[in-house]
Each structure stands twice: as structure tokens, then as C-alpha cells.
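Throughout the sequence shown, residue numbering follows UniProt numbering, covering 1 to 675 in sequence.
Beta carbons are placed, not taken as given, at the ideal position from N, Cα and C, and that holds for glycine.
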Amino acid sequence: MSDTNTLALSESARDSAIQASHKPSNAFTHSSSPQIIYNGPIITHNVGYVGNASFGDNYGQIEQRAPVVQKGSTDPEGGLKYLIANMAPGAIHDSNERCDAPKCMEETRVAVQEDIMSWISAGDQDSQLKRIMWVTGPAGTGKTAILGTIADACKEKGSLAASFFFSASAGSANRRTKKYFVPTLAFQLMGHCRLKGSREQLLSSIAQDQAILFSKNLKEQFITMVLNPLRSAREVGGDTVILPQVIVIDGLDECEAEQYHDPADLSNSRAHVPIRRKEDDQREILSLLLSAASDPSFPFRILIASRPELSIRDFFATDGDPYTRELFLDSKYDPDADILLFYDAKFSTICRRLGLPNNWPGKEVKLTLVRNASGQFIYAATVMRYIEGSPHLTKPEPEVAGRPPTPHRRLEHILSLTPSTRTANSSHNPLEALDALYHLLLENCPDPDLSMKWLRAVTREYTDPLNGLSPVWLLRLVLEASPGEEHYALGSLSSLLPTQIPEERLQLPYTFYHKSFLDFMVDPTRCGEKYLTEAQFRDWVTRRFFQTLDRHLIAPVLLDLESYSKITAWPGFSTRAVFRIAEPDILSCDLQKWATALAEEQTSRQESKWLILGMLYGLHYQCPWYRCHSTCKRCTGIIITILRTKGWKVPSTFQNLRKVLRGFVRYTDLEPPPP
Numbered sequence: 001m002s003d004t005n006t007l008a009l010s011e012s013a014r015d016s017a018i019q020a021s022h023k024p025s026n027a028f029t030h031s032s033s034p035q036i037i038y039n040g041p042i043i044t045h046n047v048g049y050v051g052n053a054s055f056g057d058n059y060g061q062i063e064q065r066a067p068v069v070q071k072g073s074t075d076p077e078g079g080l081k082y083l084i085a086n087m088a089p090g091a092i093h094d095s096n097e098r099c100d101a102p103k104c105m106e107e108t109r110v111a112v113q114e115d116i117m118s119w120i121s122a123g124d125q126d127s128q129l130k131r132i133m134w135v136t137g138p139a140g141t142g143k144t145a146i147l148g149t150i151a152d153a154c155k156e157k158g159s160l161a162a163s164f165f166f167s168a169s170a171g172s173a174n175r176r177t178k179k180y181f182v183p184t185l186a187f188q189l190m191g192h193c194r195l196k197g198s199r200e201q202l203l204s205s206i207a208q209d210q211a212i213l214f215s216k217n218l219k220e221q222f223i224t225m226v227l228n229p230l231r232s233a234r235e236v237g238g239d240t241v242i243l244p245q246v247i248v249i250d251g252l253d254e255c256e257a258e259q260y261h262d263p264a265d266l267s268n269s270r271a272h273v274p275i276r277r278k279e280d281d282q283r284e285i286l287s288l289l290l291s292a293a294s295d296p297s298f299p300f301r302i303l304i305a306s307r308p309e310l311s312i313r314d315f316f317a318t319d320g321d322p323y324t325r326e327l328f329l330d331s332k333y334d335p336d337a338d339i340l341l342f343y344d345a346k347f348s349t350i351c352r353r354l355g356l357p358n359n360w361p362g363k364e365v366k367l368t369l370v371r372n373a374s375g376q377f378i379y380a381a382t383v384m385r386y387i388e389g390s391p392h393l394t395k396p397e398p399e400v401a402g403r404p405p406t407p408h409r410r411l412e413h414i415l416s417l418t419p420s421t422r423t424a425n426s427s428h429n430p431l432e433a434l435d436a437l438y439h440l441l442l443e444n445c446p447d448p449d450l451s452m453k454w455l456r457a458v459t460r461e462y463t464d465p466l467n468g469l470s471p472v473w474l475l476r477l478v479l480e481a482s483p484g485e486e487h488y489a490l491g492s493l494s495s496l497l498p499t500q501i502p503e504e505r506l507q508l509p510y511t512f513y514h515k516s517f518l519d520f521m522v523d524p525t526r527c528g529e530k531y532l533t534e535a536q537f538r539d540w541v542t543r544r545f546f547q548t549l550d551r552h553l554i555a556p557v558l559l560d561l562e563s564y565s566k567i568t569a570w571p572g573f574s575t576r577a578v579f580r581i582a583e584p585d586i587l588s589c590d591l592q593k594w595a596t597a598l599a600e601e602q603t604s605r606q607e608s609k610w611l612i613l614g615m616l617y618g619l620h621y622q623c624p625w626y627r628c629h630s631t632c633k634r635c636t637g638i639i640i641t642i643l644r645t646k647g648w649k650v651p652s653t654f655q656n657l658r659k660v661l662r663g664f665v666r667y668t669d670l671e672p673p674p675p
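Pasting the structure below:
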């Protein structure tokens with residue numbers, strides 16, 4: 001570890017912040033209750049604790065927990081704990097979460113890397129050089145791999161100040177929004193021993209203002225946590241100190257909007273609440289970085305990568321233009337030559353692993369695959385994951401449901417994708433070859449329709465900005481109608497997402513190799529006839545909820561009702577006909593036991609209330625306003641009887657009718673008894 005990347009912590013702060021063991025614990029800790037030992041899948045509660053987060057080689061591991069700090073305190077240790085609780089460890093370039101992130105293979109992307117490194121190393125020697133570089137290009141052109149490789153190289157040289165890798169397809173929700181951006185940069189900057197004085201300034205400021213600091217806008221956070229500590233470091237070290245040179249920020253276009261209301265609140269319709277757009281938050285980040293680049297006390301260059309989305313492109317063409325150098329990943333950097341090198345290396349590995357001839361599959365086949373990629377590295381990477389199959393196999397897989405069993409047969413399948421077999425509406429689609437590949441992978445599933453439903457359930461958590469990320473074990477619990485169904489639906493899609501999930505990672509959300517597949521899933525023009533409408537998807541999830549309800553009431557669910565409530569957000573069945581089909585499942589589940597468990601829940605009263613309110617809303621959704629259908633009447637009666645028995649305040653029929661006539665949802669005045 002270089003001295004520039006050493007974090008100087010007091011012994012007591014380090015003991016509480018850094019965990020020596022990489023082994024996950026089976027003890028689930030709730031912040032407001034005694035420790036509960038649970039021997040099932042490990043889960044993480046959302047109220048302020050994340051265990052065994054790893055920063056990679058730079059900073060080790062931390063235990064992330066919201067501390068109790070006295071208001072007005074200047075205790076640096078308390079400030080450190082609060083900073084750790086409000087950062088995104090997985091967004092740092094060498095974090096454990098990014099251990100499988102793409103990097104440039106040796107001897108590839110050489111020209112573009114040289115251009116970037118030359119710009120970084122020039123520093124302030126040339127006053128004409130602009131202090132921001134924007135690396136951009138279409139989806140799948142290797143931006144993340146390039147910036148990950150640059151960050152590694154800068155770390156080795158001691159020139160990396162900090163990094164933040166946004167991701168809409170990663171497991172950590174805190175990599176999807178701006179909320180953790182500034183604290184994560186600040187944490188890394190204070191770890192550089194050449195920035196003497198910055199650590200004390202930062203932690204004291206946090207300790208004094210921790211109650212509201214992290215709820216301030218980005219500009220105020222940046223001044224307090226970055227600029228002021230840098231100014232203190234300048235005062236201590238003087239202007240002659242040699243500082244790290246660059247801050248690396250990747251995937252800005254994948255930053256989703258931070259919402260400031262509760263999406264589960266059925267009493268306030270989403271239609272009446274202004275939804276913040278992701279473009280607003282992205283522009284706020286860019287404005288912040290532009291302000292920093294023009295501040296004399298900010299000594300770093302800023303390397304940013306994103307797709308050329310309209311709002312980002314507009315910013316760099318206007319406000320950011322005087323300070324920004326654009327590097328566009330086009331044919332100038334000869335991506336075809338790099339993709340060919342990638343194919344050579346991957347096919348060579350397959351030949352060694354399976355004993356195939358060294359010249360397989362031949363130069364012409366590789367050149368055909370290069371042409372099909374059209375400069376998109378994500379196409380090449382997905383093709384090779386599909387051809388390779390499981391990386392753990394040492395012999396060809398058995399044929400399953402018509403899926404090609406050998407790499408050679410899978411390669412033939414890829415090569416058979418002529419323009420006539422590709423998607424309709426693709427004549428002007430620059431992602432035509434990639435979309436055709438996605439269609440092929442889906443068609444090779446044993447039950448493509450079931451696979452699409454599972455994929456929609458998993459990808460919806462990433463594509464709906466109002467939704468949370470649910471752990472794998474919880475989605476399995478709610479959606480699996482029979483054991484092993486999830487693997488049956490997703491197991492053959494290992495080229496799109498990890499499908500062999502070890503037990504210690506069941507408490508994390510699903511992840512995807514690239515955001516382009518998430519884009520494909522939500523675009524009906526690209527997805528074609530496989531596209532699931534929101535109504536079709538919701539009907540399936542709601543019916544699965546009733547089919548599996550009797551096994552929901554296990555300890556991890558009751559300890560994480562917040563995640564459970566996000567999966568079961570209720571719009572109800574889309575039509576009366578669909579409701580009739582689901583009636584046997586509704587009537588056969590044990591609603592009495594379910595309602596009793598939630599009515600008796602003491603530690604998560606509001607989550608229990610919204611779950612019960614959602615159930616009542618969903619049951620009544622297809623009833624006319626003036627009367628209930630028999631199934632709704634029976635099930636609602638069971639739930640209301642339980643609630644009244646447990647001391648809940650339940651509105652009368654007349655009160656509900658008044659609510660409905662005024663345009664509100666029934667039972668919104670439902671309240672649990674006081675603790």
C-alpha cells in the first residue's frame with residue numbers, strides 16, 4: 001500500500017470501522033433491538049447497518065453503521081463513524097463489489113489510455129490544458145473498462161485522488177444516486193497522507209454538523225467536506241506539496257434521481273407528487289464539478305465517463321465547454337483491432353480448457369464476429385460468455401431443452417443470426433446485433449415466458465427509480481412457486497447476469513453485467529413480442545405473492561419489512577378476469593396468520609401498516625366503489641377482525657365511504673395501537 005493511500009485512523013476509530021475478517025457473520029443486528037441469531041440467509045437491514053463492506057486493497061473493510069453522535073460535538077472519531085455511515089464503499093474503483101468489473105486486456109485500448117494518461121500527467125504544467133476530460137461514446141464501447149484501468153494505473157503511480165463508479169446494474173443501491181457521492185470522495189481524499197490537516201478539518205466539521213450536513217445540497221456538502229479540508233491542507237503543507245492528480249468518475253448517466261417522498265404512501269398518489277428527473281441530479285453533479293474545477297483551492301483534474309445523453313452533452317457544450325476536453329470513443333481509436341485481440345485471447349482459453357485445436361474457430365469467423373460487434377465491446381463480451389458457458393466446467397455441458405451443448409454449436413448459433421432473423425423495427429437501430437443476441441439468449445431458455453417474467457422482476461428494481469433493491473433470497477421467497485424455479489428460469493442466462501449465487505451473497509440484490517440489457521428489457525421496440533407490459537408483469541407478481549404467502553412469515557422477513565413492502569407494492573390485478581383466475585390462490589392462503597403477524601409487529605409499525613393497507617387496497621381494486629365482491633369481502637373481513645382484536649384503529653364502513661367519495665383510498669386512516 002503506498003503512503004498516498006494510507007488512511008491514518010486512531011486505534012479506537014479503526015477498531016470500530018475496519019473489520020479484519022472477510023467471513024460474513026450469521027448474526028443479524030437490528031439497530032434498535034437485541035441481537036437475533038438466524039441460521040438462514042444473511043440479510044442486511046436498511047436502518048443503518050451494512051456489514052463486511054470492502055474497499056479493496058486501498059482501504060480494507062468497514063462496518064457501516066449509523067452512529068450516535070452528540071450534536072455540536074467535535075469528536076473526530078464520531079465524525080469518522082458518521083462519514084462511513086453515509087458513503088458508498090462499493091463505488092470506489094478497487095472495492096470488493098467491483099472485483100469482477102471489466103478492465104482493458106493487455107495491449108488493448110492502448111491509444112485511448114495514452115491520451116488520457118498524457119492529459120493527467122501534464123498536470124498544471126500547461127495552463128492551456130482543460131481540467132475536465134469527458135470520455136463518451138455509445139453503449140457498450142468500453143467506457144467503464146477504460147476508466148477502471150486508468151484508475152488502477154493512477155493508483156500505482158500515486159496520482160489517484162479519489163474515484164466514484166456509478167452503476168445502475170450493480171448490487172449496491174448507494175451507487176445509483178447522488179446521495180453518497182460527496183462523502184465517498186471526501187473519505188478517500190482525507191486518506192492521503194500528503195493532504196495533512198484535511199482529515200482533522202473534515203471530521204471535526206462532520207461531528208459539529210452531523211445532524212443536517214448529509215441532508216444539505218451537494219454544493220454545501222462539497223464545500224464542507226472537500227474544499228474546506230483542502231484549504232486546511234494547503235495552509236499546513238504549503239503550495240509546494242506534491243498532490244495526487246486526478247478524480248475519476250464513471251457512469252454519470254447511470255445516476256438515478258434521488259426522490260424526496262415515500263412511494264409506498266397510498267394516501268398521496270404519485271400522480272400528484274412531482275418526480276425529480278435523473279437529468280436534474282446529473283446536472284447538479286456536473287455543476288458541482290465545474291465549480292470545483294474553477295476553484296483555485298481545488299488541485300485535481302476530473303475524469304468523467306458517460307454515454308452522450310442529451311442533458312449531459314448539452315452541459316458540456318455550454319457551461320462546461322471552456323473547461324472540458326471531450327474524448328469520443330469512435331473509429332479513430334480502432335476498436336475493431338482491440339475486439340479482435342479480445343476474441344483471440346478468449347478463444348485461446350476455450351481451446352486450452354476443452355482440448356480444441358489451437359486454430360479454432362479460424363480467422364474468418366473471428367473477423368465476422370468483429371464486424372457484428374460494430375465497435376461494441378459489450379457485444380463481444382456477451383458473445384464470449386455465451387460461447388464459454390459456465391466458467392467452472394472442464395467438459396462440454398449436456399444438452400438442455402434444445403440449448404446448444406458445446407462451444408462450437410453455440411458459436412454456430414451466434415453466426416446464424418442473419419439480418420432476417422433479427423428484430424423487426426431494427427433497420428435504423430445501431431444496437432441491432434446486440435438486440436438479436438439478447439433475443440437468441442432468451443429463446444434458448446427452457447421456458448422463455450417464465451424467464452422474461454423473472455427478468456422483469458429483477459430488472460424492474462433497477463429501472464424503476466422509486467423502487468428499492470431487494471436481496472436475492474427475498475425475491476426467491478416471494479416469486480418461487482416451486483423449489484428451483486429461479487434457477488430453471490435464469491440458469492441458462494449466465495452470459496447476462498451471475499446465476500450461480502453463493503449463499504453468502506443471497507443477502508445482496510441480483511447484478512447484471514451491463515446496463516444495455518436493462519435498457520433492452522424496458523424498450524418494447526427492442527424487446528419486441530417478448531416485452532411484458534406493466535399490467536402483465538404486475539398480475540404475475542401479485543398472483544405469485546398469494547401463491548407463496550404462507551411461507552413469507554419467517555424471521556428475516558419480519559426483520560426487514562421495508563424490503564418486503566417494496567416487492568409487494570400494490571396496484572391490484574389489472575382486470576376482473578385476471579382477479580377471478582387468481583381467486584383460488586387468494587382463498588387458499590392463510591391471511592389470518594399473515595395479518596396476525598403484521599398486526600403484532602412492534603419494531604416496524606409503519607411498514608406493517610403499509611403492507612396491510614396495500615393488501616386491503618389490492619383485494620378491493622377490482623370491486624365497484626359501492627360494494628365488494630365475495631372474495632374481497634371475505635378476505636377483508638378476516639384482516640379487519642384481526643386488526644380490531646389487536647387494538648388497531650380501523651375506520652368504519654361509513655368513514656371509508658366518505659373517503660372514497662372524496663377521491664381517497666379506503667382505510668387510509670388505519671393506525672396501529674400506541675407502543
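Legend entry - CA-to-CA distance, Pro509 to Pro396, given in whole angstroms: Unreliable placement is indicated for Pro396, whose pLDDT of 45 sits below 50; no coordinate value is reported for it.
Legend entry - C-beta contact flag for Phe377 and Thr149 at 9 angstroms: no
Legend entry - Secondary structure of Asp336, DSSP reduced to three states: helix
Inset, instruction - Below 8 angstroms CB to CB, which residues in the same chain sit around Leu289 once its five sequence neighbours on both sides are set aside? - result: Ile132, Ile249, Ile302, Ile304
Inset, instruction - Quick one: grab the DSSP three-state call for Trp134. - result: strand
Legend entry - Length of the line joining the Cα atoms of Lys530 and Trp454: 13 angstroms
Legend entry - Spatial neighbours of Cys527 in its chain, beta-carbon cut-off 7 angstroms, leaving aside the 5 residues before and after: Phe520, Met521
Legend entry - Collapsed DSSP secondary structure at Phe545 in the structure displayed: helix
Inset, instruction - Classify Leu437 as helix, strand or coil using the three-state DSSP reduction. - result: helix
Legend entry - Of the residues Pro672, Leu147, Lys633, Trp360, the one placed nearest Leu591, counting alpha carbons only: Lys633
Legend entry - Secondary structure of Ser294, DSSP reduced to three states: coil
Inset, instruction - Check the C-beta distance from Ala457 over to Val541 and give it rounded, since I have them as a contact under 8 angstroms. - result: 6 angstroms
Inset, instruction - Kindly indicate which three-state DSSP category Ser374 falls into: helix, strand or coil? - result: coil
Legend entry - 8 angstroms contact criterion, which Leu227 and Asp295 should meet: CB distance rounded: 7 angstroms
Legend entry - Of the residues Ser630, Leu327, Pro624, Thr636, the one placed nearest Leu616, counting alpha carbons only: Thr636
Inset, instruction - Kindly give me the distance between the Cβ atoms of Phe298 and Ala161, rounded to whole angstroms, as I take these residues to be in contact under 8 angstroms. - result: With a Cβ gap of about 10 angstroms, Phe298 and Ala161 do not count as contacting.
Legend entry - the stretch 90-102 contacting the stretch 150-169, beta-carbon criterion three pairs below 8 angstroms: yes
Legend entry - CA-to-CA distance, Ser205 to Tyr82, given in whole angstroms: 11 angstroms
Inset, instruction - Measure the C-alpha to C-alpha separation of Tyr180 and Val110 and round it to an integer number of angstroms. - result: 32 angstroms
Inset, instruction - Leaving out five residues on either side along the sequence, give the residues of the same chain with a beta carbon under 6 angstroms from the beta carbon of residue 722. - result: Because the chain in this structure spans residues 1 to 675, residue 722 falls outside the shown range and cannot be described.
Inset, instruction - Would you kindly check if the distance between the Cβ of Ser167 and the Cβ of Lys566 is under 9 angstroms? - result: no
Inset, instruction - Compute the distance between the beta-carbons of Thr481 and Arg544, then report whether it is under 9 angstroms. - result: Checking the sequence, you will find Ala at residue 481 rather than Thr. Taking 9 angstroms as the Cβ cut-off, Ala481 and Arg544 qualify as a contacting pair.
Legend entry - Opening and closing residue of the alpha helix (DSSP H) in which Glu562 lies: 561-567
Inset, instruction - Report all residues from its chain with a CB closer than 6 angstroms to the CB of Lys649; omit the five preceding and five following residues, and keep chain order. - result: Glu671
Legend entry - Proximity test, Ala597 beta-carbon vs the ligand NAD heavy atom, cut-off 8 angstroms: In the structure shown, the ligand NAD is absent, as is every other ligand, since no ligand is present at all.
Inset, instruction - Could you have a look at Ser163 and say whether DSSP puts it in helix, strand or coil? - result: strand
Inset, instruction - Could you name the residues of the same chain whose beta carbon sits closer than 7 angstroms to that of Trp625, not counting the 5 residues immediately before and after it, in chain order? - result: Val660
Inset, instruction - With DSSP as the reference, label Phe664 as helix, strand or coil. - result: coil
Legend entry - For Thr306, the three-state DSSP class (helix, strand or coil): Strictly speaking, residue 306 in this sequence is Ser, with Thr absent from that position. In the structure shown, Ser306 sits in a strand (DSSP, three-state: E or B).
Inset, instruction - Grab the span of the beta strand (DSSP E) containing Glu326 for me, first residue to last. - result: 324-328
Legend entry - Among Ser588, His439, Lys593, Phe573, the one whose alpha carbon lies nearest that of Ile554: Lys593
Inset, instruction - Determine the DSSP secondary structure at Arg277, reduced to helix, strand or coil. - result: coil
Inset, instruction - Evaluate Ser331 with the Cβ neighbour count: other Cβ atoms within 10 Å of its Cβ, from every protein chain shown; 16 or more gives buried, anything less gives exposed. - result: exposed
Legend entry - CB contact flag (Pro673, Lys646, <9 angstroms): yes
Legend entry - With 16 other Cβ atoms within 10 Å as the buried cut-off, status of Gln500: exposed
Legend entry - Where the beta strand (DSSP E) containing Asp94 begins and where it ends: First-last for Asp94: undefined, no H or E at that position.
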